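In my numbering, the protein residues as written are 35 to 412. Some notes on the structure that comes next.
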């Protein structure tokens with residue numbers, strides 16, 4: 035292990051109790067995406083931690099429906115590194131207990147991704163306390179709507195990404211392996227509205243045009259577009275049709291999830307879905323939606339940033355590897371802009387969005403040290 039990295043890790047080990055106290059305080063401030071009151075209370079905890087640990091006062095961007103988005107800037111260098119750390123979670127208040135069991139620390143959003151913000155804070159604090167300089171100022175963006183698509187925070191994400199030389203996304207590492215996320219699929223969402231003709235299912239069945247039957251046939255066709263060799267998947271995950279069993283269904287709705295690895299494939303599938311034709315005579319179709327998150331592709335710029343992280347890992351005697359994953363993050367937006375982006379720099383753990391969500395404590399301080407070392411090398 036190199037001397038600088040040894041100093042960083044030693045510092046973190048000396049402050050381990052404080053680090054976990056900060057993490058627990060933050061996790062206890064529950065912040066479901068759809069509860070503005072709770073999210074804003076959580077944002078106050080973030081402001082407190084930023085002030086206490088880094089001496090920073092942030093800027094708020096008030097929101098009507100979601101918690102306020104916030105940004106904090108450390109340093110005044112002309113070039114910038116952006117760190118993405120959403121603070122909303124998928125959990126209703128009180129849904130998950132907070133506890134430690136063996137090497138596991140459990141709690142709502144502790145992995146996805148509250149543990150990531152604490153990593154960012156303590157990586158920067160360690161560097162500051164040890165007098166290790168950075169070549170770039172660091173901007174941390176805390177948004178409150180990532181779990182529901184980042185619709186209100188996307189303009190801020192893209193604005194600050196365009197001002198940055200690199201983007202570090204503190205989402206959790208791949209479950210179990212701890213690999214960084216060097217590529218992510220793009221995510222699309224579509225709704226297909228189907229209109230047929232109602233009729234009495236017993237007396238005049240032949241006069242009806244079944245939207246339910248059309249929905250079933252369209253579902254089979256849409257699923258046939260899945261191509262695992264390309265990494266393309268389509269899933270009709272929600273179907274609503276008709277009103278009662280003795281009436282030929284007049285209307286139906288399909289909700290479709292799309293995942294793709296590149297923009298060319300996204301555009302191809304979008305064209306198919308937007309131009310889809312009825313199968314049954316007399317049916318009318320309307321398709322709405324599109325790609326919500328562009329894919330995070332393995333671009334040369336992203337690869338160079340990943341290689342820098344590999345070197346940081348070597349300095350800490352860590353074997354850093356990357357993997358492509360199916361889920362999306364705010365890093366998808368920044369990568370699509372051509373800004374070097376690296377994802378999965380958050381905690382190692384398992385079960386994001388599941389009742390046993392947790393981080394692995396023995397890998398938490400080494401992860402903070404990795405991010406600190408990476409920041410010095412960008």
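Glycine included, each C-beta is placed from N, C-alpha and C at the ideal position. The model shown is predicted, which means the values in this text are computed figures rather than measured ones.
Task: Close Cβ partners of residue 36 (< 6 Å) along its chain, the five nearest in sequence each way excluded - done: The residue you call residue 36 lines up with position 2 of the chain shown. Contacts found: 349.
Task: For residue 243, the residue or residues it bridges with in DSSP - done: Looking up residue 243 in the chain shown gives position 209. Beta-bridge pairing links residue 243 to 231.
Task: Through-space distance from residue 293 to residue 266, alpha-carbon basis - done: Taking the chain shown and counting its residues from 1, the one referred to as residue 266 is at position 232. Taking the chain shown and counting its residues from 1, the one referred to as residue 293 is at position 259. Separation of residue 266 and residue 293 (C-alpha to C-alpha, rounded to the nearest whole angstrom) is 6 Å.
TODO: Out of 46, 139, 262, 248, state which residue places its alpha-carbon closest to the alpha-carbon of residue 385.
DONE: In the chain shown, counting from the first residue as 1, residue 385 sits at position 351. When each option's Cα is compared against that of residue 385, the closest is 139.
Task: Residues of its chain near residue 404, where Cβ-Cβ distance is below 8 Å and the 5 sequence neighbours each way are ignored - done: Your numbering for residue 404 matches position 370 in the chain shown. 343, 346, 347, 350, 352, 354, 379.
Open item on the list: My output table needs one value for residue 132: the three-state DSSP class, helix, strand or coil.
Closed with: Mapped onto the chain shown, residue 132 falls at position 98. Coil, per DSSP.
Task: Backbone secondary structure at residue 264 - three-state DSSP - done: As a first step, residue 264 is located in the chain shown; it is residue number 230 there, counting from the start. Three-state DSSP puts residue 264 in coil, outside helix and strand.
Task: C-beta contact flag for residue 194 and residue 116 at 8 Å - done: One-based indexing of the chain shown puts residue 194 at position 160. One-based indexing of the chain shown puts residue 116 at position 82. Taking 8 Å as the Cβ cut-off, residue 194 and residue 116 qualify as a contacting pair.
TODO: Would you mind reading off the limits of the alpha helix (DSSP H) that contains residue 367?
DONE: In the chain shown, the residue the question calls residue 367 occupies position 333. From DSSP, the alpha helix (DSSP H) with residue 367 extends over 365–370.
TODO: Please determine if the stretch 257–276 and the stretch 176–196 are in contact, where contact requires at least 3 C-beta pairs separated by less than 8 Å.
DONE: no
TODO: Compute the Euclidean distance between the alpha carbons of residue 314 and residue 282, then round it to the nearest angstrom.
DONE: To locate residue 314, count along the chain shown from 1; it is residue 280. To locate residue 282, count along the chain shown from 1; it is residue 248. Using only the alpha carbons, I get a separation of about 14 Å.
Task: Distance, residue 366 Cα to residue 184 Cα - done: Working through the chain shown from its first residue, we reach residue 184 at position 150. Working through the chain shown from its first residue, we reach residue 366 at position 332. For residue 184 and residue 366, the distance between alpha carbons rounds to 11 Å.
Task: Residues near residue 39 in its chain [Cβ-Cβ closer than 6 Å; skip 5 each side] - done: As a working mapping, residue 39 is identified with position 5 in the chain shown. Correct list, in chain order: 349, 350, 407.
Open item on the list: Using 8 Å for Cβ pairs, my map puts residue 216 next to residue 356. What's the rounded Cβ distance?
Closed with: The residue labelled residue 216 in the question sits at position 182 within the chain shown. The residue labelled residue 356 in the question sits at position 322 within the chain shown. Correct: roughly 3 Å between the Cβ atoms.
- [ ] Could you check if residue 374 is buried or exposed, using at least 16 other CB atoms within 10 Å of its CB as the buried criterion?
- [x] As a first step, residue 374 must be located in the chain shown, where it is residue number 340. Residue 374 is buried by the Cβ-count criterion.
Task: Member of 372, 73, 173 whose CA lies at the smallest distance from the CA of residue 179 - done: Within the chain shown, residue 179 is the residue found at index 145, counting from 1. The residue with the shortest Cα to Cα distance from residue 179 is 73.
TODO: Please look up how many angstroms separate the CB atoms of residue 87 and residue 41, rounded, as I've assumed it's under 8 Å.
DONE: The residue given as residue 87 occupies position 53 in the chain shown. The residue given as residue 41 occupies position 7 in the chain shown. Residue 87 to residue 41, Cβ: 18 Å. No contact.
- [ ] Grab me the residues of residue 45's own chain with a C-beta within less than 8 Å of its C-beta, minus the 5 sequence neighbours each way, in chain order.
- [x] Within the chain shown, residue 45 is the residue found at index 11, counting from 1. Cβ neighbours of residue 45 beyond the five flanking positions: 160, 163, 164.
Open item on the list: I'd like to check one pair, residue 245 with residue 275: are the Cβ atoms closer than 8 Å?
Closed with: Residue mapping note: residue 275 aligns to position 241 of the chain shown, counting from 1. Residue mapping note: residue 245 aligns to position 211 of the chain shown, counting from 1. Contact: yes.
TODO: Whole angstroms is fine: what's the gap from residue 62's alpha carbon to residue 196's?
DONE: Translated into the one-based positions of the chain shown, residue 62 becomes position 28. Translated into the one-based positions of the chain shown, residue 196 becomes position 162. Residue 196 has its alpha-carbon roughly 33 Å from the corresponding atom of residue 62.
Task: Length of the line joining the Cα atoms of residue 263 and residue 218 - done: Your numbering for residue 263 matches position 229 in the chain shown. Your numbering for residue 218 matches position 184 in the chain shown. Approximately 16 Å between the Cα atoms of the pair.
Task: Sheet register partners of residue 140 (DSSP bridge) - done: Counting from one through the chain shown, the residue named residue 140 turns up at place 106. Paired residues: 133, 392.
Open item on the list: Just to confirm, is the Cβ distance from residue 418 to residue 376 under 8 Å?
Closed with: Residue 418 is absent from the structure shown; the chain starts at 35 and stops at 412.
Open item on the list: To the nearest angstrom, how far is the alpha carbon of residue 257 from that of residue 307?
Closed with: Walking along the chain shown from the start, residue 257 turns up at place 223. Walking along the chain shown from the start, residue 307 turns up at place 273. Each residue's alpha carbon lies about 12 Å from the other.
Task: residue 216 (DSSP reduced to helix, strand or coil) - done: Locating residue 216 in the chain shown gives position 182, where the first residue counts as 1. Looking at residue 216 - three-state DSSP - the assignment turns out to be strand.
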